[in-house]
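A.B. asks:
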Amino acid sequence: MIDQEDRIPVLIVGAGGAGLALSLLLHQQGIASVLIERRPDVSWYPRARNLNFPTLEVFRGLGLEAQVIAAGAHFSRTLRKATLASHGEEEFPSIEQFLHIADHLEVVTPEPPFWYCPQGRLEPLLLGEAKRRGCDVRYNTELTSFNPDSEGVSATITDRATGTLSVLQADYLLAADGAHSQIRKVLGVNGEGLGVLDEHYVFVYFRALWGELIRGYENDAILIDRQPRLLPDHRCGSWHVLDPRKIREGLHRRAV
Ligand SMILES: Cc1cc2nc3c(=O)[nH]c(=O)nc-3n(C[C@H](O)[C@H](O)[C@H](O)COP(=O)(O)OP(=O)(O)OC[C@H]3O[C@@H](n4cnc5c(N)ncnc54)[C@H](O)[C@@H]3O)c2cc1C
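Written as structure tokens, this is what we have:
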């Protein structure tokens, strides 16, 4: 049996930074919404790290500027070091430097150009505020299909804890389901740009006793510069330059 809920003005899919902010913005305008998220809880991964000043202005409009500033820190730098323990580093130009937004940004905005407040801190902050203001946010709840009709949209959602299906009728469906949005794919909305770049990174999150090594760099990204690296190849008497792409190709060849 499929439960049927009352019609709602807006269904938001995805409780990342975009979906949580949308829920608060609609609430501020007096528009009721239901925000659904398939994850069981907020994401604790840092992911999006630096907020730019237009984003900070949105939070100012929501009365959350002070909280976001307090949860964050100075703009995050990107540095290169030979090893984490090495002395000396190369600092990459900051976004501020190569974007050069304005000579006197203070004329444009009272906000700093960028502020480090990673997603793992921002999402709990936005969720806490959404709950406090009475927004309807449901985790463990996944959009499984939807049908646009003349009235709006009919969405089938699954409670991932129980497997229960229900149908929500909404006037509008807001797709905040991330960079790989299924909703966008179903609707045939294409992105523009360079497409998939030939660069791949593996992020490994771990805990370690490394306070000494990262003191002063807590909010920064450090590239450990061990590539390209020369390795002797005794079989063919040559030297190989290892780079991540070649390693990837090698792994792919081994996989097939
Ligand atoms: C490893 C990694 C590192 C990154 N580093 C950076 C960085 O340094 N700086 C930076 O600016 N950006 C970074 N990003 C990108 C950043 O995470 C995204 O730009 C940002 O999360 C986009 O926010 P969003 O709210 O649009 O989408 P998301 O945060 O992706 O949120 C979308 C949400 O929709 C949910 N969802 C999807 N489909 C459904 C469905 N059918 N039903 C219910 N829920 C659904 C997902 O579970 C997800 O929580 C990184 C991303 C990754 C993966």
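For the sequence shown, the working numbering assigns the number 372 to the initial residue and increments by one for each residue that follows.
Even for Gly, the Cβ is constructed at its ideal location relative to N, Cα and C.
1. What does a CB cutoff of less than 7 Å around residue 465 pick up in its chain, not counting 5 residues either side in sequence?
2. Where does residue 595 sit, in a helix, a strand or coil, going by DSSP?
3. I need the DSSP call for residue 441, collapsed to helix, strand or coil.
4. Would the C-beta of residue 384 count as close to ligand 1, meaning under 7 Å from any of its heavy atoms?
5. Under three-state DSSP, which class holds residue 521?
6. Quick check: the Cα distance between residue 386 and residue 498, rounded to an integer number of angstroms?
7. To the nearest angstrom, how far is it from the Cα of residue 457 to the Cα of residue 591?
8. Is it buried or exposed for residue 606, if we count other Cβ within 10 angstroms and need 16 for buried?
9. With a threshold of 7 Å, establish whether the CB of residue 482 neighbours any heavy atom of ligand 1.
10. Between the Cα of residue 527 and the Cα atoms of 422, 557, 570, 513, which residue gives the shortest distance?
11. Spell out the partners DSSP gives residue 449 in its beta bridges.
12. Strictly by DSSP, which residues pair up with residue 508?
13. Run the proximity test for residue 491: is its beta-carbon closer than 7 Å to any non-hydrogen atom belonging to ligand 3?
14. Given the structure, does residue 460 come close to ligand 1, in the sense that its CB is under 7 Å from one of the ligand's heavy atoms?
15. Would you say residue 548 touches ligand 1, meaning its beta carbon is less than 7 Å from a heavy atom?
16. Is the beta carbon of residue 531 sitting closer than 8 Å to the one on residue 407?
17. Please say whether residue 433 and residue 545 have beta carbons closer to each other than 8 Å?
18. Please tell me whether residue 542 and residue 405 are closer than 8 Å, where the distance is taken between their beta carbons.
19. Given 7 Å as the limit, tell me if residue 370 has its C-beta closer than that to any heavy atom belonging to ligand 1.
20. If you measure from the CB of residue 448, is any heavy atom of ligand 1 nearer than 7 Å?
21. Residue 529: which of 409, 577, 379 sits nearest, CA to CA?
22. Given this structure, state the Cα-to-Cα distance separating residue 437 from residue 430, to the nearest angstrom.
23. Can you grab the Cα-Cα spacing for the pair residue 474 / residue 482, in whole Å?
24. Helix, strand or coil for residue 583, going by three-state DSSP, please let me know.
25. In terms of alpha-carbon separation, which member of 468, 485, 539 lies closest to residue 519?
C.D. replies: So, from the listed chains and residues:
1. Mapped onto the sequence shown, residue 465 falls at position 94. Only 446, 448 meet the Cβ criterion.
2. Here residue 595 refers to the residue found at position 224 when the sequence shown is read from its first residue. Correct three-state label for residue 595: strand.
3. As a first step, residue 441 is located in the sequence shown; it is residue number 70 there, counting from the start. Here residue 441 sits in helix by DSSP.
4. Translated into the one-based positions of the sequence shown, residue 384 becomes position 13. Checking the Cβ of residue 384 against ligand 1 gives yes.
5. Residue 521 sits at position 150 when you count from the first residue of the sequence shown. In the structure shown, residue 521 sits in coil (DSSP, three-state: anything other than H, G, I, E or B).
6. Along the sequence shown, one-based indexing puts residue 386 at 15. Along the sequence shown, one-based indexing puts residue 498 at 127. Near 9 Å, if we compare the C-alpha coordinates of residue 498 and residue 386.
7. Residue mapping note: residue 457 aligns to position 86 of the sequence shown, counting from 1. Residue mapping note: residue 591 aligns to position 220 of the sequence shown, counting from 1. Approximately 16 Å, taken between the alpha carbons.
8. For the purposes of this step, residue 606 is taken as the residue at position 235 of the sequence shown. Note that residue 606 scores 38 on pLDDT, short of 50, meaning its location in the model is unreliable and no value can be drawn from it.
9. Within the sequence shown, numbered from 1, the residue matching residue 482 stands at position 111. Checking the Cβ of residue 482 against ligand 1 gives no.
10. Stepping through the sequence shown from its first residue, residue 527 is reached at position 156. Comparing Cα-Cα distances from residue 527 to each of 422, 557, 570, 513, the minimum goes to 513.
11. Position 78 of the sequence shown holds residue 449. Beta-bridge pairing links residue 449 to 592.
12. For the purposes of this step, residue 508 is taken as the residue at position 137 of the sequence shown. For residue 508, which the question treats as bridged, DSSP gives the partners 406.
13. For ligand 3, the structure offers nothing, since it holds only ligand 1.
14. Here residue 460 refers to the residue found at position 89 of the sequence shown. No.
15. Within the sequence shown, residue 548 is the residue found at index 177, counting from 1. Yes, ligand 1 has a heavy atom inside 7 Å of this Cβ.
16. The residue labelled residue 531 in the question sits at position 160 within the sequence shown. The residue labelled residue 407 in the question sits at position 36 within the sequence shown. Not a contact, by the Cβ cut-off of 8 Å.
17. Translated into the one-based positions of the sequence shown, residue 545 becomes position 174. Translated into the one-based positions of the sequence shown, residue 433 becomes position 62. Contact: no.
18. Translated into the one-based positions of the sequence shown, residue 542 becomes position 171. Translated into the one-based positions of the sequence shown, residue 405 becomes position 34. For residue 542 and residue 405, no; Cβs fall outside 8 Å.
19. Outside the displayed range of the chain (372 to 627) lies residue 370, so it cannot be described from this structure.
20. The residue you call residue 448 lines up with position 77 of the sequence shown. No; taking the cut-off as 7 Å, the Cβ of residue 448 has no heavy atom of ligand 1 nearer than that.
21. As a position in the sequence shown, residue 529 is number 158, starting the count at 1. Comparing Cα-Cα distances from residue 529 to each of 409, 577, 379, the minimum goes to 409.
22. The residue labelled residue 437 in the question sits at position 66 within the sequence shown. The residue labelled residue 430 in the question sits at position 59 within the sequence shown. So the two alpha carbons sit approximately 9 Å from each other.
23. Walking along the sequence shown from the start, residue 474 turns up at place 103. Walking along the sequence shown from the start, residue 482 turns up at place 111. Rounded to the nearest angstrom, the two C-alpha atoms are 14 Å apart.
24. Walking along the sequence shown from the start, residue 583 turns up at place 212. Looking at residue 583 - three-state DSSP - the assignment turns out to be helix.
25. Locating residue 519 in the sequence shown gives position 148, where the first residue counts as 1. Cα-wise, what sits closest to residue 519 is 539.
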